[in-house]
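Below: one structure, written as structure tokens.
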Amino acid sequence: MEATPSIPAAPKPWTPPAANAPVAAPRAPAWEKFLPFIGPIVLFILWDLAVRTGFIKALLLPPPLDAIGALVKGLFGGPLLKDFLVTVWRTVQAFLIAAAVGMPLGVLLGSNEKAYRSVEFLIDFFRSTPSSALIPLFLMIFGVSDINKVAIAAFGAFLIVVFNSAYGVINARKQRVMAAKVMGASRWQIFRDVLVWESLQPSFVGLRSAVSMALVIVIVAEMFIGADSGLGNRIINSQQVMNVRDMYASILAAGALGYALNILFLLLERKIVHWSGR
Amino acid sequence: MSAVLNGPVFADVPKPVFSPGPAGTHITIRGLTKYFAGWPLYENFDLDIPKHKIVSVFGPNGCGKSTLINMIAGLVPIDSGEILFDGKGLKDTKIGYVFQNYREAMFPWMRTIDNIAYPLKLEGKSKAEVDRRMAELVASFDVKFDLNRYPYELSGGQQQTASIMRALANGPEVLFLDEPFSALDFEMTLFIREKLQEVFVQTGTTMLLVSHDLEEAVYLADQVLLLTKRPTKVAEILPYGDARPRTVDTLSTPSFVATKKLSLEIFQREVRR
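Those protein sequence lines, which keep their order, are chains A and B. Residue 264, in this note's numbering, is where the first sequence stops; the numbers in between run on with no holes. Residue 1514, in this note's numbering, is where the second sequence stops; the numbers in between run on with no holes.
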């Protein structure tokens, strides 16, 4: 009986095919960097064509360069800048109120699940109610004032923050809580050293949605609650007098503001919640 | 005329008298009962775990190996029964626990060194004391990686090494290890196994190890605790006394092979039952 099978002598050891090729890290071609710009450029070309060919009347849609020109001119010292800053300031106020009240409250509610369950319906109900539907109610309470716009935006944003922070604590990794417990941490120490940190990432998701929500409500409130300033007010005023160029400039300004806020919060989240997704 | 009209249907069952384990017992478990979804997982379970020994827990799937050590460590509440550490309760006992899933056991918002020092900070130790103990641990584990990094920046084996260091930081009386190697690659498993053995030889800390790998369970153990299917009982406690430090050569000694073979036979008997 043959005990060991004979191994055929290999003529030459196998070498990987690219063993001798110069080693270089694979790099994305340079043009890939421009991919994000393709969409906007195509949109602007289509927009321009639509106006030029008369497909859409210039009365309703100005040429893109006119709108952008009005935006740039308005933001660099023009009257648009003042309205822009007013809207930013209202949004920031509403957001700060929502975050300062909502985050601690959410974390507290989340760490006591019974407390959260008892108010869950209220939070979910008002979170699902379009905040703009509550504008008349807030009008009755606060009157036609600046506080009113901030208050209703803060209310809408607050619900989002509470909900996300509370769920962040409720869904904290059970094993981290157990790890702290087994090391002899008290309830307060578990709360301070684990639950608060675990809730940071979902809280940031909440803060990011909340700032968008605050901006939406501020703009709506500026349109319909007798405002005399702000981007919403400017948009509706330009529409009334058919100043489409200024209207589109204001819309673009509002869009840029929302986009910038979103990016800002993404960057903040990456900086503060450095462990997220790792 | 006085008569008891509605007397109790059942007589009160007297509480069984507490009987201590043999000399050298560290953890005494008496009358442990735990129901899981209405079914008994443990019923009137008694066990003595010896001091300064490593006990490996091995048994069929779903017999509650991890639940057993979690109940002893106080992570899973028990329905009834008594668990004593040298006659003390859990809250007077220092324990360390190493989880299988190191990723979800470390705190990623703290640097690794702060993770390891965390149990000492909970005890309110001064910075000097913490630093001294950290230096000691780093030396005894011969740490080659940067502990100032965050846990998620380390490899799996390094993270598990750090979690073992954390579990040992405050000099626990008992160390619980719940499948500490199953999320690691083979090389790291070997490395950490040797580290654990070294620590045991140095400190003599009582260890309870849950393992799904029989070879590993026997290799590290002074006693192999074999469990039955649920409701879980002790099937057998096998002593394994080869001298430490055990090495790769130990794996081929007759006593090791015999213990492993016997464990496997008992395991198979219990699985088929």
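Note that beta-carbon positions come from the ideal geometry of N, C-alpha and C, so glycine has one too.
In the three-state reduction of the DSSP assignment, residue 1417 of chain B falls in the strand class. Taking all protein chains in view, the Cβ of residue 1392 of chain B is crowded by 16 or more other Cβ atoms within 10 Å, so the residue is classified as buried. The stretch 1493 to 1501 of chain B makes no contact with the stretch 1331 to 1345 of chain B: fewer than 3 CB pairs, one atom from each, lie closer than 8 Å. Taking 8 Å as the CB threshold, residue 171 of chain A lines the interface with chain B.
Look at residue 129 of chain A here: in three-state DSSP terms it is coil, with no helix or strand label. Distance from the Cα of residue 1267 of chain B is smallest, within the candidate group B:1292, B:1258, B:1282 and B:1273, for B:1292. When C-beta distances to chain A are compared with 7 Å, the residues of the stretch 1338 to 1354 of chain B below that value are 1338, 1340, 1342, 1345, 1346, 1348, 1349 and 1350, in chain order. Cβ-Cβ distances below 6 Å link residue 24 of chain A to nothing in the same chain once the five nearest sequence neighbours on each side are left out. At a Cβ-Cβ threshold of 8 Å, residue 1499 of chain B and residue 1297 of chain B do not count as neighbours. Here residue 1479 of chain B carries a strand assignment [DSSP, helix/strand/coil]. Beta-bridge analysis with DSSP links residue 115 of chain A to no other residue. The contact set of residue 1314 of chain B on chain A, defined by CB atoms closer than 7 Å, consists of 168 in chain order. In this structure residue 39 of chain A is exposed. Its beta-carbon is surrounded by fewer than 16 other beta-carbon atoms within 10 angstroms.
B:1402 is the residue among B:1402, B:1279 and B:1472 whose C-alpha sits nearest the C-alpha of residue 1346 of chain B.
For residue 1378 of chain B, the closest Cβ of chain A is not nearer than 8 Å.
Around the CB of residue 219 of chain A, 16 or more other CB atoms lie within 10 Å, so the residue is classed as buried.
Collapsing the DSSP output to three states places residue 1383 of chain B in coil. Around the beta carbon of residue 253 of chain A, a 10 Å sphere encloses fewer than 16 other beta carbons of the protein chains shown; the residue is thus reported as exposed. Residue state for residue 1326 of chain B is assigned as strand, using DSSP reduced to three classes. For the pair residue 1383 of chain B and residue 106 of chain A, the Cα-to-Cα distance works out to about 51 Å. Residue 1364 of chain B carries a coil assignment under DSSP once its states are collapsed to helix, strand and coil. In the three-state reduction of the DSSP assignment, residue 1271 of chain B falls in the strand class. Using beta-carbon distances, residue 261 of chain A counts as an interface residue toward chain B, with a partner under 8 Å. Of all residues in the stretch 1358 to 1369 of chain B, only 1359, 1360 and 1363 come within less than 7 Å of chain A when Cβ atoms are compared, listed by chain position. In the three-state reduction of the DSSP assignment, residue 1305 of chain B falls in the coil class. Against chain A, a Cβ distance below 7 Å from residue 1393 of chain B picks out 261 and 264. For residue 1445 of chain B, the closest of B:1388, B:1437 and B:1269 by C-alpha to C-alpha distance is B:1437. Within 10 angstroms of the beta-carbon of residue 1456 of chain B lie fewer than 16 other beta-carbons, which makes it exposed.
In the three-state DSSP reduction, residue 48 of chain A falls in the coil class, being neither helix nor strand.
Of the residues A:53, A:129, A:201 and A:263, the one whose Cα lies closest to the Cα of residue 74 of chain A is A:201. For residue 1285 of chain B, the enclosing beta strand (DSSP E) stretches over residues 1280 to 1291. In this structure, DSSP gives residue 1465 of chain B an extended state, which the three-state scheme calls strand.
Think of a sphere of 8 Å around the beta carbon of residue 180 of chain A: the chain B residues whose beta carbon falls inside it are 1348, in chain order. The beta carbon of residue 239 of chain A sits closer than 7 Å to those of 57, 61, 66, 70 and 217, all from its chain and outside the five residues before and after it, given in chain order.
Pairing residue 97 of chain A with residue 156 of chain A, the inter-Cα distance amounts to about 7 Å. According to the DSSP assignment, residue 186 of chain A belongs to no beta strand (DSSP E) but to the alpha helix (DSSP H) extending over 186 to 210.
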